[in-house]
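Numbering-wise, the sequence shown is residues 1 to 193 according to the working numbering. Just so you know, even glycine gets a beta-carbon here, dropped at the ideal spot from N, CA and C. The structure displayed is predicted, hence computed values, not measured ones. In what follows, a single structure is set out as C-alpha cells and then discussed.
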Amino acid sequence: MAPGGNVLVRQPRGGVAPLLEGKTVLEELPEYQIQLEPPGPERLFRLESEQTLQERMRQEARQRPTLERIAFPDEPILSTSAYTARAFPPAQECVEPNYVCYRRLFFEDINSERYGWDLGFIQPFVSAGEFFFDVAALPYHCGTAPCRKYECSAGYCLPGDPVPYLLYPPELSLTGTIFEAGTIVALFAIFPG
C-alpha cells in the first residue's frame with residue numbers, strides 16, 4: 001500500500017506475463033498507482049486548458065519509477081484563413097401563444113360555434129332561440145363584470161376535442177341583475193302599456 005491510499009500494481013508490458021516456475025515475475029513489471037480514495041472537489045472541478053492538462057500528464061509520468069514518455073498527437077490545422085462572420089441577418093421566428101385574447105362576446109353559441117356540434121335540421125331553431133335569449137339578456141351580460149373588457153380562450157377546450165353538448169347558464173351577478181332591471185324599467189317608461 002502506497003501513501004495516500006493508493007495501491008501499487010505491477011503490470012506486464014506486453015500483456016499477461018507467463019508464470020515461471022520458482023521465479024518472481026513482479027520484479028520485471030512497471031508500477032502503476034491505482035487511487036482508491038475518491039478525488040476531492042479541487043481535483044474534480046479543476047479548470048485547465050488542453051495544453052495545461054497535457055503538460056500535467058507529462059509531469060506525472062516523469063514522477064513514476066519507469067520513465068514512460070507520453071506523446072500526444074499533433075492537432076490538425078483546420079483552416080489557415082481568418083474567421084469570417086455571418087454574412088446574413090439573424091433569422092426571426094414569430095411564435096404564437098396557445099391562447100387568444102379577444103373582446104367580450106355577447107352573442108356566442110359555444111356548442112356549435114366553438115366545439116362544432118350540429119343537431120341536424122333542428123340546429124337553425126336552436127341557434128335562433130339562443131340568439132333571441134342573448135338579445136333579451138344583453139343588458140344582464142353587459143352588466144356582468146362591467147370592467148372586464150377582454151376574454152381569453154385559455155379556459156376552453158381546444159377545437160376538435162371531444163366535448164359533450166352542454167348548457168351554459170349565465171353566471172350570477174348583482175350588477176347584471178341591476179342592469180337588466182333598469183333596462184326593463186326604462187323600456188316600460190319609454191313604451192308604456
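Unbroken alpha helix (DSSP H) stretches of 4 residues or longer found wholly inside the segment 100 to 185: 123 to 136, 138 to 143, given in chain order.
In the three-state reduction of the DSSP assignment, arginine 64 falls in the coil class.
By the C-beta density criterion, phenylalanine 179 is buried, having at least 16 other C-beta atoms within 10 angstroms. Counting of Cβ neighbours within 10 angstroms places tyrosine 115 among the buried residues, the total reaching 16 or more. The segment 145 to 163 and the segment 102 to 119 touch, with three or more beta-carbon pairs separated by less than 8 angstroms. With fewer than 16 other beta carbons inside 10 angstroms of its own, asparagine 98 counts as exposed. The residue among Arg64, Ala145, Ala71, Cys101 with its C-alpha nearest the C-alpha of glutamate 151 is Cys101. In chain order, Thr144 place their CB closer than 6 angstroms to the CB of serine 173, counting only its own chain and leaving out the 5 sequence neighbours on each side. The three-state reading of DSSP puts isoleucine 77 in coil, since its state is none of H, G, I, E or B. A residue is called buried once 16 or more other Cβ atoms fall within 10 Å of its Cβ, and tyrosine 83, having fewer, is exposed.
Nearest in C-alpha terms to cysteine 157, of all of Leu187, Ala137, Asn111, Ala87, is Asn111.
In this structure, the alpha-carbon of phenylalanine 131 lies about 7 angstroms from that of phenylalanine 107.
Residue environment analysis places proline 139 among the buried positions, since at least 16 neighbouring C-beta atoms fall within 10 angstroms of its C-beta. Aspartate 109 and serine 127 have their C-alpha atoms some 7 angstroms from each other. Taking C-beta atoms as the reference points, phenylalanine 72 and glutamine 54 count as a pair closer than 7 angstroms.
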